[in-house]
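Heads up, the sequence shown is in my numbering, so the first residue is 137 and it goes up one at a time.
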Amino acid sequence: MRKILRSKYIFDGENSPFKGYIAFEGDTIKEIEKDWSYQHLVDEHTNVLEYDDYFIMPGIHDNHVFFSGYLSMHAGIDLTEANSELEALEQIEAALEQAEDVPIYAYGWSPQAFGTLPTEESLNQLHYDGPITAIAKDRSYCWMNQQAKQRYGFDETETSAESRFRLIKEMLANEDLLQTVYQKFEQLLLSRGVVSIKEIVFDDAEFLKKINTRKLATHFYIQSVERPISTTLVEQYKAEDFPVKVAFGGVKIMVDGVVADETGDITGEYASGKKGPEIDYQFIANEVDKWNQKGIPCCLTTEGDRAGLKAAKMLSHFGKRLPKDVWNSISDLEMITQEMTQEMVEGRVVAEIYPQILGLNPSYQEAYMPEIIAGAEGAFFNYQLLRSADIQVTSGTDLPLFITNLPESIMRACFRRFPKGQETWQYEKGLSVLELLQSFTKNGFLVNGEERYGVLQPGKSATFAIFDRDLTQGDCEEVAAAETIMTYIDGSVVYEKVLP
137 MRKILRSKYI FDGENSPFKG YIAFEGDTIK EIEKDWSYQH LVDEHTNVLE
187 YDDYFIMPGI HDNHVFFSGY LSMHAGIDLT EANSELEALE QIEAALEQAE
237 DVPIYAYGWS PQAFGTLPTE ESLNQLHYDG PITAIAKDRS YCWMNQQAKQ
287 RYGFDETETS AESRFRLIKE MLANEDLLQT VYQKFEQLLL SRGVVSIKEI
337 VFDDAEFLKK INTRKLATHF YIQSVERPIS TTLVEQYKAE DFPVKVAFGG
387 VKIMVDGVVA DETGDITGEY ASGKKGPEID YQFIANEVDK WNQKGIPCCL
437 TTEGDRAGLK AAKMLSHFGK RLPKDVWNSI SDLEMITQEM TQEMVEGRVV
487 AEIYPQILGL NPSYQEAYMP EIIAGAEGAF FNYQLLRSAD IQVTSGTDLP
537 LFITNLPESI MRACFRRFPK GQETWQYEKG LSVLELLQSF TKNGFLVNGE
587 ERYGVLQPGK SATFAIFDRD LTQGDCEEVA AAETIMTYID GSVVYEKVLP
């Protein structure tokens, strides 16, 4: 059966949206034209789908995802309806009646709803011999009993995925939990038009082999957390035939911390007088050298401008050893400078941004950027420097920090709007909508070696994300209200919104 999608708004991954049609059979695009002259294709074996006011684009690639982080935020007892510590305790206690010394996980409770933070003592008084953990909805606090603290080795406020890695690895080893939560995770991303991800794994990727079925394509990068990355394991993964839709991508290395809490490595000092952290850049350079010599790309995560420049220099230097069409990259890129982009251009280093990141600031008045480093606010999220240098820009979410949301990405990275208020953050330094769309499609697939995806052309995959309105229109309120209507992978519908 041949299908024809027609629309007034088709974005092919490269050019401005146009009125036209896409004809495909099976999993492959056969024709795409900038008009509605498809009558020569119509017969009894053709289905014409009139998506005239919908926005049709290639399926989305999210270039920075932690399924493990999502798992840890959605495992076990759902406390989202609990309005107090007492109500949450009642739910947990009910679950203990069917458990015996096994780990108990819970999630979704709100510190705001509770009014005060829950205590270790209240969980200890349940007299359960196993560990109990309950992560807050905003990931600001992990409520634990004494057994959990002893078992996992972190305290209530150490809620980063890196701090909770022992807990997360335990969850990943629970196959029933893994299958259940992965299906929810996958369906959520498909409902946002996402068809492919770059997954960051801690120390090894064995859990990816245990997922029974999947629709999302997954390119994974290994990050050292508990132990140094094994050269033998990486070489094995590079040569190994993983399950369908899973492939080894490279190595991820954390460089500095978070600028907002003064742990990012910056030039000079913070407004408080504090200097950036001491970082062993020679160790990182040695790691990049080792992996690039083996033809394995590195993704370095930086926030501060000094860390970004150091990363760009070492990736530029050692990246010349990489095979053709294999790229090193820098992720986060909170602070961006001219000197940094010059090094990135020299070394063909890919920029991986988080376009929803401005949403961490409730409003312009509550934004930390103007205050944290005196006189440096112009470097924050200066995507214009990446654009003017013609650097390959890709987009990710650092999920579960954000869940992929293309309309929100446009609001933050293009319109440069905060969640509240009418003020914008240095609008002239943002991305155009076309550039943002390319970062989630053509560029994301290209740097991950997926040639059949990311652009709509004859011979390419019939993989689409379809939204209910034009995403390139100038009305930001209209864009913000846009929703995914349908997602196709290789010619098959994998998500369809139920319309009223």
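Where a beta carbon is used, it is the ideal one built from N, C-alpha and C, also for glycine.
Backbone CA spacing between residue i and residue j [nearest angstrom]
| i | j | result |
| --- | --- | --- |
| A270 | M209 | 9 Å |
| T295 | Q227 | 22 Å |
| I625 | A341 | 24 Å |
| S467 | C434 | 10 Å |
| A159 | K139 | 6 Å |
| R605 | G495 | 23 Å |
| H197 | Y264 | 43 Å |
| L262 | E229 | 7 Å |
| V629 | M622 | 7 Å |
| F419 | R300 | 24 Å |
| L436 | Y417 | 12 Å |
| R302 | I347 | 20 Å |
| R142 | G627 | 15 Å |
| L573 | F147 | 9 Å |
| V387 | N199 | 14 Å |
| V529 | T473 | 15 Å |
| T349 | P379 | 9 Å |
| V89 | M476 | Given a span of 137 to 636 for the chain in the structure shown, any question on residue 89 remains unanswerable. |
| E371 | I240 | 36 Å |
| F338 | P247 | 28 Å |
| Q234 | T533 | 37 Å |
| A503 | Y563 | 15 Å |
| I304 | I268 | 13 Å |
| Y187 | K374 | 42 Å |
| F581 | A224 | 43 Å |
| A231 | I489 | 41 Å |
Simplified DSSP assignment, three categories, for residue i
| i | result |
| --- | --- |
| R548 | helix |
| D397 | helix |
| I196 | strand |
| T438 | strand |
| R138 | strand |
| A284 | helix |
| K426 | helix |
| K334 | strand |
| L185 | strand |
| G409 | coil |
| R302 | helix |
| I420 | helix |
| T341 | Looking at the sequence itself, residue 341 is Ala, so the reference to Thr does not match. It is coil, neither helix nor strand. |
| Q487 | Here the sequence assigns Ala to residue 487, which means Gln is not the residue at that position. Looking at A487 - three-state DSSP - the assignment turns out to be strand. |
| R457 | helix |
| D171 | coil |
| A297 | coil |
| A448 | helix |
Pair within 8 Å by beta-carbon distance, residue i and residue j
| i | j | result |
| --- | --- | --- |
| N281 | E256 | yes |
| I493 | R548 | yes |
| F191 | I602 | yes |
| V486 | W463 | yes |
| L352 | L325 | yes |
| P194 | V591 | yes |
| E586 | S173 | no |
| P594 | K170 | no |
| K155 | T216 | no |
| G514 | E439 | no |
| G205 | A297 | yes |
| T354 | K381 | yes |
| F343 | F384 | no |
| Y519 | K460 | no |
| K430 | S499 | no |
DSSP bridge partner residues for residue i (one or two, in chain order)
| i | result |
| --- | --- |
| H480 | Reading the sequence as shown, one finds Met at residue 480 and not His. None; M480 has no bridge partner. |
| S597 | T164 |
| C278 | I271 |
| M622 | I602 and E632 |
| I146 | F154 and I192 |
| V201 | E335 and L535 |
| I638 | Limits of the chain in this structure are 137 at one end and 636 at the other, which puts residue 638 out of reach. |
| A309 | Looking at the DSSP assignment, A309 forms no beta bridge with any residue, so it has no partner. |
| I213 | A242 |
| A159 | I140 and E167 |
Exercise. Jot down the residue ranges of each uninterrupted alpha helix (DSSP H) in the stretch 352-395, minimum 4 residues, whole runs only, in chain order.
Key: 367-375
Practice problem: Identify every run of the beta strand (DSSP E) within the stretch 221-257, keeping only runs that are complete inside it and at least 3 residues long; order them along the chain. | Solution: Counting only runs of 3 or more, we get 240-245.
Quiz item: Hey, which unbroken runs of the alpha helix (DSSP H) at 4 residues or more fall wholly within the stretch 491-535?
Solution: 505-508 and 519-524
Practice problem: Kindly provide the ranges of any alpha helix (DSSP H) runs that are 4 or more residues long and lie completely inside the stretch 548-594, ordered along the chain. | Solution: 569-576 and 578-583
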